[in-house]
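Numbering (the working numbering), first residue to last: 40 to 451.
Printed below as a string of structure tokens:
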């Protein structure tokens, strides 16, 4: 039996996978993840629009973390005192409890429906690879339906949430459905993509100037924006707004926000707005560390790190490099990181954002977005595949093949 410290990492997203990869064989690592891959989430919109093959934006955890014992399954329970995790294996494989000396919590976030009626039953989330495929199939099936029906709601898609994810998805879908309709379905088919949010401007985390640039680019992509509108309920035929307005649509996508994994509330540890409270070294207690979306990690400049992939990766690098030293009682510097910038892709050849505090938009921003996120994919093989997909997208018309999945969510 190894005399190395046993580290249990719960969560295989950006934070957990980066910690496991950086730890290498310095400790005995067990990585527990719902999926057996790391998902490059910034590229989900391009999967939903068919510009990227879904296999190309996922990296198997066993390839990424060769020194770790990877366990795929759903976390049923976490015992903080015993430093143990009970996991339900896939396909009825049964339950098993794993124990360690230290627990690293990186469970990530889940979609937040804010208690709005009908979201869980009738809207498609935008968080996982399955969600992106469901959105693509739903939109394609609706286009195919125009051959037998002239119902205008068939080609109407509503994206709820005007933050980064919602704006990126609305732009990508609008480019895709308009090009597909014009190429394959005839001029009589008029797709609509509507972006809805209670906020009064798109990408509100950006400056007003960049937000206005984003809105202009969305309008150019033929995205209709209904801002300052709160959703009251969602049903099988569309959604109802709090002001009494109604939008009939065949597809409603929920990209209105996320919340920390609710399992965090069962741990009995201090939280702040649902996130575990940590010190500057990501320590929650003597045997528990946390990072990513579920952790309120100080950023080193007096604020709390935002729940973004950029910060999760930097936190993962920090903890992976320093955890063995911390366990040996050494003093290490506190985590400190300032964002390099923010970029939002808005369809073909368009993006807005800030890079090193400099505002950028249009083609240069789009080039920076693609370059940065391509380099973040942790596999040369998959980077090459993504670059090839992007090249083919420039040359050929959109792929409209509808591939049903075992979890298909198309409405009757």
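Glycine included, every Cβ here is placed at the ideal spot set by N, Cα and C.
So with Cβ pairs under 8 Å, would you call residue 258 a contact of chain C?
-> Reference to chain C is not applicable here, since this structure consists of a single protein chain.
Would you mind stating whether residue 142 and residue 126 have Cβ atoms separated by less than 8 Å?
-> Cβ atoms of residue 142 and residue 126: not closer than 8 Å.
In terms of alpha-carbon separation, which member of 118, 350, 414, 435 lies closest to residue 58?
-> Nearest C-alpha to residue 58: 350.
Would you kindly work out how many angstroms separate the C-alpha atoms of residue 134 and residue 268, rounded to a whole number?
-> Using only the alpha carbons, I get a separation of about 45 Å.
Does the Cβ of residue 213 have 16 or more other Cβ atoms within 10 Å, making it buried, or fewer, making it exposed?
-> Residue 213 should be labelled buried.
Please state if the CB of residue 258 and the CB of residue 241 are separated by a distance shorter than 8 Å.
-> 8 Å or more divides the Cβ of residue 241 from the Cβ of residue 258.
Can you give, in chain order, each stretch of the beta strand (DSSP E) that sits fully within the stretch 142 to 208 and has at least 3 residues?
-> Taken in chain order, the complete beta strand (DSSP E) segments of 3 or more residues contained in the stretch 142 to 208 are 148 to 150, 195 to 199.
Counting along the chain, where does the beta strand (DSSP E) carrying residue 221 start and finish?
-> Residue 221 -> no beta strand (DSSP E), and no H or E assigned at all.
Would you mind reading off the limits of the alpha helix (DSSP H) that contains residue 420?
-> 419 to 434 is the extent of the alpha helix (DSSP H) around residue 420.
Do you know how far the Cα of residue 62 is from the Cα of residue 48?
-> Those two C-alpha atoms are separated by around 11 Å.
Out of 278, 336, 230, which has the shortest C-alpha to C-alpha gap to residue 354?
-> When only C-alpha atoms are compared, the closest one is 336.
With 16 as the cutoff for other CB atoms within 10 Å, does residue 412 come out buried or exposed?
-> Residue 412 is buried by the Cβ-count criterion.
Could you tell me the distance, in whole angstroms, from the CA atom of residue 130 to the CA atom of residue 376?
-> Cα to Cα, residue 130 sits roughly 41 Å from residue 376.
For the stretch 260 to 280 against the stretch 230 to 238, are there 3 or more C-beta pairs whose distance is under 8 Å?
-> The stretch 260 to 280 vs the stretch 230 to 238: in contact.
Does the pairing of the stretch 105 to 124 with the stretch 78 to 86 give three or more beta-carbon distances under 8 Å?
-> The stretch 105 to 124 vs the stretch 78 to 86: no contact.
Through-space distance from residue 81 to residue 204, alpha-carbon basis | Straight-line Cα distance between these residues: approximately 8 Å.
Counting only runs of 4+ residues fully inside the stretch 72 to 115, write out the alpha helix (DSSP H) ranges in chain order.
-> Runs of alpha helix (DSSP H) with 4 or more residues, each lying fully within the stretch 72 to 115, are found at 83 to 87, 100 to 103, listed in chain order.
Nearest-angstrom beta carbon gap, residue 223 and residue 439 [assumed within contact, 8 Å] = Between residue 223 and residue 439 the Cβ distance is about 6 Å, and since that is below 8 Å, they are a contact.
Buried or exposed by the 16-neighbour rule on C-beta atoms within 10 Å, applied to residue 321 = Under the 10 Å beta carbon count, residue 321 is surrounded by 16 or more other beta carbons and is classified as buried.
Check whether the Cβ atoms of residue 315 and residue 333 sit closer than 8 Å, and answer yes or no.
-> Judged by their CB atoms, residue 315 and residue 333 are nearer to each other than the 8 Å cut-off.
Thinking just about the alpha-carbon of each residue, which of 326, 421, 287 is nearest to the one in residue 44?
-> Measuring from the Cα of residue 44, the nearest candidate turns out to be 326.
DSSP on residue 281, reduced to helix/strand/coil?
-> DSSP places residue 281 outside both helix and strand once states are collapsed to three, so it counts as coil.
Just checking, does the stretch 273 to 291 make contact with the stretch 395 to 408 on the three C-beta pairs under 8 Å criterion?
-> By the C-beta criterion, the stretch 273 to 291 is judged not to be in contact with the stretch 395 to 408, since fewer than 3 inter-stretch pairs fall below 8 Å.
Sort 417, 421, 391 by Cα distance to residue 408 and report the nearest one.
-> Nearest C-alpha to residue 408: 391.
Any 3 or more C-beta pairs closer than 8 Å across the stretch 155 to 167 and the stretch 368 to 388 | No, the stretch 155 to 167 does not touch the stretch 368 to 388.
Leaving out five residues before and five after residue 148 in sequence, what residues of the same chain have Cβ atoms less than 7 Å from its Cβ?
-> So the qualifying residues of the chain are 297, 298, 299, 300, 332, 346.
Sort 303, 365, 283, 307 by Cα distance to residue 318 and report the nearest one.
-> Of 303, 365, 283, 307, the residue nearest in Cα terms is 365.
Go to residue 231, then tell me how far its beta strand (DSSP E) extends in each direction, as first and last residue.
-> From DSSP, the beta strand (DSSP E) with residue 231 extends over 231 to 236.
Taking the CB atoms as reference points, tell me whether residue 192 and residue 252 lie closer together than 8 Å.
-> The answer is no: Cβ separation not under 8 Å.
So what's residue 405 in DSSP terms, helix, strand or just coil?
-> Helix, per DSSP.
With a cut-off of 8 Å on the beta carbons, I'd call residue 178 and residue 290 a contact; round off their distance for me.
-> Confirmed, about 6 Å.
Inspect the beta-carbon positions of residue 50 and residue 72 and report whether they are closer than 8 Å.
-> With respect to residue 72, residue 50 sits close: the two C-beta atoms are nearer than 8 Å.
Status (buried if at least 16 other CB within 10 Å, exposed otherwise) for residue 154 | Residue 154 counts as exposed, since fewer than 16 other beta carbons sit within 10 angstroms of its beta carbon.
When 144, 210, 368 are compared against residue 384, the one with the closest alpha-carbon = The shortest Cα separation from residue 384 among 144, 210, 368 belongs to 210.
Apart from the five residues on each side of it in sequence, which residues of its chain come closer than 6 Å, Cβ to Cβ, to residue 443?
-> Taken in chain order, the list of residues that qualify is empty.
Under a three-way DSSP split, which group does residue 355 fall into?
-> DSSP places residue 355 in the helix class (H, G or I) of the three-state scheme.
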